[in-house]
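Below is one structure, written out as structure tokens, with a few remarks after it.
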Amino acid sequence: MAKEVIAVNIAKDRELDISYDGEADVLYISFGKPQPADDSEEVNDVIYRFRENELVGITIPSFKLRTGTRTP
Numbered sequence: 000m001a002k003e004v005i006a007v008n009i010a011k012d013r014e015l016d017i018s019y020d021g022e023a024d025v026l027y028i029s030f031g032k033p034q035p036a037d038d039s040e041e042v043n044d045v046i047y048r049f050r051e052n053e054l055v056g057i058t059i060p061s062f063k064l065r066t067g068t069r070t071p
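Numbering (numbering that gives the first Met the number 0), first residue to last: 0 to 71.
In structure tokens form, the structure reads like this:
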């Protein structure tokens, strides 16, 4: 099976903002402060969010399921 690859630009001065919604089991990764995107692309159920052709965030649904992590 071929893997899809996304080539992106990420500003080097951006800090990571990471949050997790345990109820929805979704991990949100933002490069810099979370901001609206003007485009997105989905690869293997992971959503890559872009603003002016720069990657501004990644949304990973079913995070615990993907990582094999279980709640005690």
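Even glycine gets a Cβ: it sits at the ideal position worked out from N, Cα and C.
Mapping the DSSP letters down to three states, classify ARG65 as helix, strand or coil. helix
Best match in THR58, ASP38, ASN52 for proximity to ASP44 [C-alpha to C-alpha]: THR58
Grab the span of the beta strand (DSSP E) containing ASP44 for me, first residue to last. Unbroken run through ASP44: none, as it is neither H nor E.
Can you tell me whether DSSP reads ASP12 as helix, strand or coil? coil
By the DSSP assignment, the beta strand (DSSP E) with GLY31 in it spans what residues? Per DSSP, GLY31 belongs to no beta strand (DSSP E) and is neither H nor E.
By the three-class DSSP mapping on this structure, what secondary structure does PRO60 have? strand
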